[in-house]
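Engineer:
Numbering (this note's numbering), first residue to last: 9 to 452.
Shown next as structure tokens:
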């Protein structure tokens, strides 16, 4: 996707008008006064503290406000200051568009950017200050956010998903032929939504192409999926050699491969190939989970929603075993002390985005409120840092500590006691800060 194609003058005007309501801040020093800080390590709230943000970082945390003059003062009045939320499995493009829009002949790079930009702003205003994009055409929007032209969260981009022919990322319509045999890239490949790559050489090229555009990690399809037309959920995708090629190319750039997979067979192969993070895994058994724990592999999984009114009947049928398995995987993984991360994975149903915070509450059957808040802040931030030097944002996230990046939420109430506060960001997130900049302030 060419950045200059996406961001036309008309789109910039649209974005300016769309983001006009964002809070304007002129002072680069902000003092959160009289707040109780959520300590992710102890799982508790501190007594009243004063937290000074200077530039992009938390400068000091103390019981006194001495020496904190000439700052924008936000009197917290005993409210809770916590790290910004992190969702490590979003598809900024696929989650902002319906399947009908994706397939429309009117689809364009500019329209994708417009839809994604609007959703990105809403996501930040729900308190999600960082996300990991698990595949899709995101680089131009990410650049717009980093340049300050678009409002949105920090994005760790994967770029186009990498899939074998007839894999989970093979988005070709029935009339589109193989690029290898007929020489014509599919529509999804032209939009940088996916790379269909077969054999070691093509996988290496696809990985390196994403790294060239700025991918912070690589997304590989290692098994069947519920939202793809050709592959049953149970199939294993990519040979060991192909998967190992992706891992080697990523490791040469100091980063890692994450794989879409559900079954023990697919996941075992991925772990043996050196993959560092499994996405989904709802069909895993205890033996394979134990193996993943031994190898210190991350399990990044979700609590998927039950069938929605607009969901395709084929997708509903394919999802049944996944929905049945997810309530088993979470408690098993916790018991085996896997490295756990949480995400939403909304696809082709933009109406679900408004429920993003609500999905955090679905973890309550197996985790305490403190454990959940730690997972969606500190633990998810640890996973992001697997990107190493390929991480687009250097600095500590997921904590409220001196020297950490200032991604913060001021919550009206105590989410350790009442986690439902997190599901009501419009009313209960009274201040939202990213990178030291206030984007929402209801305390004026």
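Note that beta-carbon positions come from the ideal geometry of N, C-alpha and C, so glycine has one too.
1. Does DSSP put residue 250 in a helix, in a strand, or in coil?
2. So what does DSSP say about residue 69, is it helix, strand or coil?
3. Ordered along the chain, which non-local residues of its own chain (more than five positions away) have a Cβ less than 7 Å from that of residue 18?
4. Please determine if the stretch 328-347 and the stretch 82-93 are in contact, where contact requires at least 3 C-beta pairs separated by less than 8 Å.
5. Please classify residue 55 as buried or exposed, where buried requires at least 16 other C-beta atoms within 10 Å of its C-beta.
6. Can you give, in chain order, each stretch of the beta strand (DSSP E) that sits fully within the stretch 328-410 and has at least 3 residues?
7. Considering residue 280, what are the terminal residues of the alpha helix (DSSP H) in which it resides?
8. Tell me which residue opens and which closes the alpha helix (DSSP H) that residue 41 is part of.
9. Does the separation of the CB atoms of residue 96 and residue 406 fall below 8 Å?
10. Cα-Cα, which of 427, 292 and 409 is closest to residue 65?
11. Who are residue 418's beta bridge partners in DSSP?
12. Apart from the five residues just before and just after residue 123, which ones in its own chain have a Cβ nearer than 7 Å to its Cβ?
13. Helix, strand or coil, according to DSSP, for residue 94 in the structure here?
14. How big is the Cα-Cα spacing for residue 242 and residue 129?
15. For residue 345, which residues from the same chain have a beta carbon less than 7 Å from its beta carbon, with the 5 sequence-adjacent residues on both sides left out?
16. Please report the straight-line C-alpha distance between residue 78 and residue 37, rounded to a whole angstrom.
17. Quick check on residue 229: buried or exposed, where buried means 16 or more other Cβ atoms within 10 Å of its Cβ?
18. With burial defined as no fewer than 16 other Cβ atoms inside 10 Å of the residue's Cβ, what is the status of residue 192: buried or exposed?
19. Whole angstroms are fine: how far does the CA of residue 303 sit from the CA of residue 279?
20. Can you confirm whether the stretch 178-185 touches the stretch 125-144 when touching is taken to mean that 3 or more C-beta pairs between the two stretches lie within less than 8 Å?
21. What residue range does the beta strand (DSSP E) around residue 54 cover?
22. Going by CA-CA distance only, name the one from 209, 170, 219 and 164 that's closest to residue 197.
23. Please classify residue 277: is it buried, with 16 or more other beta-carbons within 10 angstroms of its beta-carbon, or exposed?
24. Does the separation of the CB atoms of residue 39 and residue 53 fall below 8 Å?
25. What are the start and end residues of the beta strand (DSSP E) that includes residue 169?
26. Count the other CB atoms within 10 Å of the CB of residue 332; is the residue buried (16 or more) or exposed (fewer)?
27. Got a sec, what are the start and stop residues for the beta strand (DSSP E) residue 140 sits in?
28. Is residue 440 closer than 8 Å to residue 133 when the C-beta atoms are compared?
29. Per the contact definition of three or more C-beta pairs closer than 8 Å, is the stretch 394-401 in contact with the stretch 370-379?
30. To the nearest angstrom, how far is the alpha carbon of residue 427 from that of residue 369?
31. Where does residue 290 land, buried or exposed, given buried means 16+ other C-beta within 10 angstroms?
32. Would DSSP call residue 318 helix, strand or coil?
33. Could you check the C-alpha separation between residue 437 and residue 311 for me, to the nearest Å?
34. Might you give, ordered along the chain, the residues of its own chain that have their beta carbon closer than 6 Å to the beta carbon of residue 444, omitting 5 neighbours on each side?
35. If you run the structure through DSSP and keep just helix, strand and coil, what is residue 308?
36. Taking C-beta to C-beta, are residue 384 and residue 93 nearer than 8 Å?
Structural biologist: So, from the data block:
1. Position 242 of the chain shown, counted from the start, is the residue given in the question as residue 250. In the structure shown, residue 250 sits in a helix (DSSP, three-state: H, G or I).
2. By one-based count along the chain shown, residue 69 stands at place 61. Reduced to three states, the DSSP call for residue 69 is strand.
3. Position 10 of the chain shown, counted from the start, is the residue given in the question as residue 18. With a pLDDT of only 38 at residue 18, under 50, the local geometry of the prediction cannot be trusted, and the value read off the model is given with reservation. There are no such residues.
4. no
5. Counting from one through the chain shown, the residue named residue 55 turns up at place 47. With fewer than 16 Cβ atoms within 10 Å of its Cβ, residue 55 is classed as exposed.
6. 347-350
7. The count along the chain shown starts at 1 and reaches residue 280 at position 272. Residue 280 -> alpha helix (DSSP H) spans 272-281.
8. Residue numbering aside, residue 41 sits at position 33 when the chain shown is read from its first letter. No alpha helix (DSSP H) contains residue 41, which is instead part of the beta strand (DSSP E) from 37-47.
9. Looking up residue 96 in the chain shown gives position 88. Looking up residue 406 in the chain shown gives position 398. No, the Cβ-Cβ distance between residue 96 and residue 406 is not below 8 Å.
10. Working through the chain shown from its first residue, we reach residue 65 at position 57. Ranking 427, 292 and 409 by Cα distance to residue 65 puts 409 first.
11. Here residue 418 corresponds to residue number 410 of the chain shown, with the count starting at 1. Answer is 89 and 439, bridged to residue 418.
12. Numbered from its first residue, the chain shown carries residue 123 at position 115. 104 and 105.
13. For the purposes of this step, residue 94 is taken as residue 86 along the chain shown, with counting starting at 1. Strand, per DSSP.
14. Residue numbering aside, residue 242 sits at position 234 when the chain shown is read from its first letter. Residue numbering aside, residue 129 sits at position 121 when the chain shown is read from its first letter. Approximately 37 Å between the Cα atoms of the pair.
15. Along the chain shown, one-based indexing puts residue 345 at 337. Annotation for residue 345: 301 place their beta carbon closer than 7 Å to its own, counting only its chain and skipping 5 residues before and after.
16. Residue mapping note: residue 78 aligns to position 70 of the chain shown, counting from 1. Residue mapping note: residue 37 aligns to position 29 of the chain shown, counting from 1. Their backbone Cα atoms lie some 7 Å apart in a straight line.
17. Position 221 of the chain shown, counting from 1, holds the residue named residue 229. Burial call: buried.
18. Here the question's residue 192 lines up with position 184 in the chain shown. It counts as exposed.
19. Position 271 of the chain shown holds residue 279. Position 295 of the chain shown holds residue 303. Each residue's alpha carbon lies about 8 Å from the other.
20. The answer is no - the stretch 178-185 does not touch the stretch 125-144, with fewer than three Cβ pairs under 8 Å.
21. Within the chain shown, residue 54 is the residue found at index 46, counting from 1. 52-62 is the extent of the beta strand (DSSP E) around residue 54.
22. Residue 197 sits at position 189 when you count from the first residue of the chain shown. Taking the Cα of residue 197 as reference, the smallest distance to any Cα among 209, 170, 219 and 164 is reached at 170.
23. As a working mapping, residue 277 is identified with position 269 in the chain shown. So residue 277 ends up on the buried side.
24. By one-based count along the chain shown, residue 39 stands at place 31. By one-based count along the chain shown, residue 53 stands at place 45. No, these two residues do not count as a Cβ contact at 8 Å.
25. As a working mapping, residue 169 is identified with position 161 in the chain shown. 169-171 is the extent of the beta strand (DSSP E) around residue 169.
26. On the chain shown, position 324 is the one that residue 332 refers to. Per the 10 Å Cβ criterion, exposed.
27. To locate residue 140, count along the chain shown from 1; it is residue 132. It spans 136-141 - the beta strand (DSSP E) in which residue 140 sits, taken as one unbroken run.
28. By 1-based counting over the chain shown, the position of residue 133 is 125. By 1-based counting over the chain shown, the position of residue 440 is 432. Result yes, Cβ atoms of residue 133 and residue 440 sit closer than 8 Å.
29. No, they do not touch.
30. Taking the chain shown and counting its residues from 1, one reaches residue 427 at position 419. Taking the chain shown and counting its residues from 1, one reaches residue 369 at position 361. Taking the straight line from one Cα to the other gives about 7 Å.
31. Reading the chain shown from its first residue, position 282 is the one you call residue 290. That one is buried.
32. Indexing the chain shown from 1 puts residue 318 at position 310. Coil.
33. Within the chain shown, numbered from 1, the residue matching residue 437 stands at position 429. Within the chain shown, numbered from 1, the residue matching residue 311 stands at position 303. Going by the C-alpha atoms only, they are around 23 Å apart.
34. One-based indexing of the chain shown puts residue 444 at position 436. 61, 63, 64 and 414, listed in sequence order.
35. Position 300 of the chain shown, counted from the start, is the residue given in the question as residue 308. Residue 308 falls in the strand class under three-state DSSP.
36. On the chain shown, position 376 is the one that residue 384 refers to. On the chain shown, position 85 is the one that residue 93 refers to. Taking 8 Å as the Cβ cut-off, residue 384 and residue 93 qualify as a contacting pair.
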